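Per my numbering, residue 1159 is the first one in the sequence shown, and the count goes up by one each step. Glycine residues also receive a C-beta, built at the ideal position from the N, C-alpha and C atoms. Keep in mind the model is a prediction, meaning the values are calculated, not measured.
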Amino acid sequence: MKRNFAHKITSALSAVIVLLFAAALFTKCASTMTPTGGPKDTIPPVIVLMNPNNFTTEIDTLHPPKIYIEFDEYVQIKDQQKELFTSPQMKKKPSVIRRGRGIVVTIKDTLKPNTTYAINFGSSILDNNEGNPLHAMRYVFSTGKEVDSMYMSGYTADSYKADSVGKSFIFFFPADSVEMTEEWDSTMFKHKPAVIARAEKNGIFIAQNLKPIDYRVYAFEDTNGNMEYEPSVDQIGFLDSMCNPSRMPGFTIWFDSLRHYPSAEAQTYFRMFTDRRFMRQTLSGQERPMRHKAMLYFGAENPEVVKLEFDSIPSERVIYDPQNIAKDTVALWFDMPAEELPDTIKGTITYFKHDSINNLVETSDKLRLAWVYTESKAEREEREKQEKEREKAEKAGMPYEEPKPENPFKVTMDQSGELNKDKHIKFTFDYPLTKFDSANIVLRKMINGDTTKVDYHFIQDTLNRRKYELHAEWEATANYELMIPSGVFENTAREQNDTITCKYTGSDPAKYTILKVKVASSNAQAKYILQLTNAQGKTQKEIRNVVAGDYIFEYVTPGDIMVRVVEDMNGNGKWDTGDMVLMRQPERTEIYKNEKAEQLISTKANWEFDVTIDMDVLFAPITMESLNKMLDDKEDERLKKVAEDMAKKRAEEANKKNNNNNQSMGLGGMGGGLGGALGGMGGGLGGSTGAGGLRTNTMGGNMR
1159 MKRNFAHKIT SALSAVIVLL FAAALFTKCA STMTPTGGPK DTIPPVIVLM
1209 NPNNFTTEID TLHPPKIYIE FDEYVQIKDQ QKELFTSPQM KKKPSVIRRG
1259 RGIVVTIKDT LKPNTTYAIN FGSSILDNNE GNPLHAMRYV FSTGKEVDSM
1309 YMSGYTADSY KADSVGKSFI FFFPADSVEM TEEWDSTMFK HKPAVIARAE
1359 KNGIFIAQNL KPIDYRVYAF EDTNGNMEYE PSVDQIGFLD SMCNPSRMPG
1409 FTIWFDSLRH YPSAEAQTYF RMFTDRRFMR QTLSGQERPM RHKAMLYFGA
1459 ENPEVVKLEF DSIPSERVIY DPQNIAKDTV ALWFDMPAEE LPDTIKGTIT
1509 YFKHDSINNL VETSDKLRLA WVYTESKAER EEREKQEKER EKAEKAGMPY
1559 EEPKPENPFK VTMDQSGELN KDKHIKFTFD YPLTKFDSAN IVLRKMINGD
1609 TTKVDYHFIQ DTLNRRKYEL HAEWEATANY ELMIPSGVFE NTAREQNDTI
1659 TCKYTGSDPA KYTILKVKVA SSNAQAKYIL QLTNAQGKTQ KEIRNVVAGD
1709 YIFEYVTPGD IMVRVVEDMN GNGKWDTGDM VLMRQPERTE IYKNEKAEQL
1759 ISTKANWEFD VTIDMDVLFA PITMESLNKM LDDKEDERLK KVAEDMAKKR
1809 AEEANKKNNN NNQSMGLGGM GGGLGGALGG MGGGLGGSTG AGGLRTNTMG
1859 GNMR
């Protein structure tokens, strides 16, 4: 009964897709007589013939026939290597060439017996004139007597950013074909998937032609386009338990009429992360970008360096300076005069490196760090300018005085601006400092003509020894003057600073927003991280070790913001990625939403905003219903943004057309544009998924 029901559903789905293609064909036929200058063709090619037919069975495994697919117009093939893939994967990709109004597909591989195959064309087939792609085109056949016909859907998302991961591959492994232990999982490294699906740009995938069996399922972002999972390069996600499509809940599938590809409700959720466990330790690169600076690049985190020696530089004159928390990028600073540094520094590094069988062994590699002075464009222009002035002076019989050379000492800092409890004076030096006479630095405050000295202190960055912050008790609207005498700083290149004078102002709180966050949680042991981000998700402010209670973000720049929450399971004050081999999921992150399911908080100057975050609700177990509710909300926000952009564009076009002579008409155009845009998307905003396209419902039971 299940197989017959599945066949009916598949037939229904196929019929819907045929109807979609037929509708497109009729639309295109109606528009073929449009006079020159009419509406632009936006309809993709329509399939009119497949030979052998789609879903053909008992295909010869040794000599599969060539496949001919004909369209209603001439087509082009684009990005075939990137877009085309087969399920299961063939050793050699099929070749695809154009012939007449169609394409010919030649299979170059020996096929497996009793196997359902799918050739997925992605978006590689486009019409020849306008380049409209035919999305999600598939050709399915079987070397057995029947075509596997079950379906499964899911959503792939970046586990930290909570954004969709589009175009990721989903691998299905029959559970009885892979070994599993309670301690580790090597499936992605030792086995080939039986079925492959790929998510669309919105992160939604529809896996087809599955069997009614248990699968181990994994998703990965194919960064290098080779359809092979590369640890530390590709994001990976996995399901904690086996999945059988015959036992999965029913779901809805439809054609997204805005994005022009099939979409669906999600049955499964993959929280993607970068697994750095299998990064191989090696010295992957070395360079010397500056006379007093060299860089070493390691293949994995936390290299164990035993010894570092140079032929011409004493070891105590070499500063070993990791540039990040992973310590896989290291700067070497040479603390000695420039004239004593050779153009090529030779040495040896002894460290633990992975050998061919992935064991860490002590290894010595040669270092050759060459530096050649290269005149920059600005230096060349300045030299040529001075040469012309010298020549001019000599012709006039006048003495020429060489200009004083520019001080090579470099420090990056804001010499003016606003300061507050969250924003202090930042210093970034080109080289590490060997002298820092902070006692000679003077900070003064001026209020109503009165000048007083201000106490301050410097804090060095824990990850970058060239970065410092000057902290003080900044008063609102007060004026400050910072005076740094010459010679206060000296770096490893024996360079010293000139006198630096800066002026600042204490921030006026009325120009900023205050965001108050009330955190509720029934788990007294749980800790969280509150992150205030901009609309693009970039962290602006952060509060760690959060438990139930009240928290405040001050001096928030007005505009659109979001609150991201990290479920800090181990309380280490940072987000921890997952581990596929140890079958450990990454720590969850969620974006706070208000009662209207809106993520963006629009803030204004001199306003206070209050939000309450119930961690029990925010981090409730993820179900199919909650997952699809979240996807619906995201889609509604996207459509709202599209409508607003369309309205804005129409308003701009109307204003431009009227040359700003009729403001009322311009405003009317904007209102009409907004109304038209929202009206055109009403189905999406009002529907259960917000796509506004044609849907096929399962009528209960499974979609398969």
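Residue i classed as buried or exposed, judged by whether at least 16 other C-beta atoms fall within 10 angstroms
i       : result
Arg1722 : buried
Leu1740 : exposed
Asp1306 : buried
Glu1811 : exposed
Leu1242 : buried
Met1346 : buried
Thr1252 : Sequence inspection shows Pro at residue 1252; the Thr mentioned does not correspond to that position. Per the 10 Å Cβ criterion, buried.
Ser1646 : Reading off the sequence shown, one finds Val at residue 1646, where the question assumed Ser. Its Cβ being crowded by 16 or more others within 10 Å, Val1646 is buried.
Arg1724 : The residue you asked about is not Arg; residue 1724 is Val in the sequence shown. When all chains shown are included, Val1724 counts as buried.
Arg1429 : buried
Glu1542 : exposed
Pro1557 : exposed
Asp1794 : buried
Leu1601 : buried
Asn1162 : Residue confidence is low: Asn1162 scores 36 on pLDDT, short of 50, so the model does not pin down where it sits. No coordinate-derived value is stated.
Pro1744 : buried
Asp1469 : exposed
Cβ-Cβ separation, residue j to residue i (assumed contact under 8 Å), whole Å
i       : j       : result
Met1208 : Tyr1297 : 7 Å
His1450 : Tyr1589 : 6 Å
Tyr1626 : Val1677 : Not quite, the Cβ-Cβ distance comes to about 33 Å (not below 8 Å), so this is no contact.
Ala1333 : Val1323 : 25 Å between Cβ atoms; not a contact.
Val1714 : Leu1673 : 5 Å
Ser1311 : Ile1364 : 5 Å
Gln1238 : Ser1282 : 5 Å
Length of the line joining the Cα atoms of residue i and residue j
i       : j       : result
Leu1640 : Lys1611 : 10 Å
Cys1187 : Pro1203 : With a pLDDT of 30 at Cys1187, under the threshold of 50, the modelled position of this residue cannot be trusted; read the value that follows with caution. Each residue's Cα considered, the two are about 11 Å apart.
Gly1260 : Gln1234 : 9 Å
Thr1339 : Ile1617 : 48 Å
Gly1827 : Glu1802 : The predicted model places Gly1827 with a pLDDT of 41, which falls under 50 and marks its position as unreliable; any figure quoted below should be read in that light. Their backbone Cα atoms lie some 13 Å apart in a straight line.
Ile1507 : Ala1352 : 45 Å
Ile1780 : Thr1244 : 32 Å
Arg1256 : Val1262 : 6 Å
Asp1772 : Ser1679 : 6 Å
Leu1441 : Lys1511 : 8 Å
Trp1765 : Thr1691 : 18 Å
Thr1532 : Asp1501 : 12 Å
Asp1486 : Val1463 : 11 Å
Asn1655 : Asn1752 : 51 Å
Lys1568 : Phe1279 : 54 Å
Tyr1662 : Glu1653 : 27 Å
Phe1767 : Ser1760 : 10 Å
Gly1851 : Phe1329 : Note on Gly1851: pLDDT 33, under 50, position unreliable in the model; no value is reported.
Leu1836 : Ala1805 : Here the model assigns Leu1836 a pLDDT of 32, short of 50, so the residue's position is not dependable and the matter cannot be decided.
Glu1386 : Met1571 : 45 Å
Phe1456 : Lys1465 : 15 Å
Gly1607 : Pro1561 : 39 Å
Ile1201 : Tyr1427 : 32 Å
Phe1413 : Arg1796 : 17 Å
Leu1776 : Lys1798 : 24 Å
Span of the beta strand (DSSP E), counted from its first residue to its last, around residue i
i       : result
Ala1528 : 1518 to 1528
Lys1504 : 1502 to 1512
Asn1209 : 1205 to 1209
Asp1414 : 1411 to 1414
Phe1647 : 1647 to 1649
Gln1698 : 1697 to 1704
Ser1253 : 1253 to 1257
Gln1234 : 1233 to 1235
Arg1885 : Absent from the model: residue 1885. The displayed extent of the chain is 1159 to 1862, so no value can be given.
Ala1422 : 1419 to 1422
Run of the alpha helix (DSSP H) containing residue i, from where it starts to where it stops
i       : result
Leu1797 : 1782 to 1815
Phe1777 : Neither: Phe1777 is in no alpha helix (DSSP H) and is coded neither H nor E.
Phe1347 : 1345 to 1348
Glu1340 : Counting along the chain, Glu1340 falls outside any alpha helix (DSSP H), and DSSP gives it neither H nor E.
Glu1537 : 1535 to 1553
Glu1241 : 1238 to 1241
Original post:
Using 8 Å as the threshold, is the segment 1464 to 1475 in touch with the segment 1483 to 1494, meaning 3 or more CB pairs across them?
Top reply: yes
Original post:
Below 8 Å, can you find three or more Cβ-Cβ pairs linking the segment 1740 to 1749 to the segment 1438 to 1456?
Top reply: no
**OP:** Count the CB pairs spanning the segment 1285 to 1301 and the segment 1375 to 1392 that are closer than 8 Å, and state whether there are at least three.
**Re:** no
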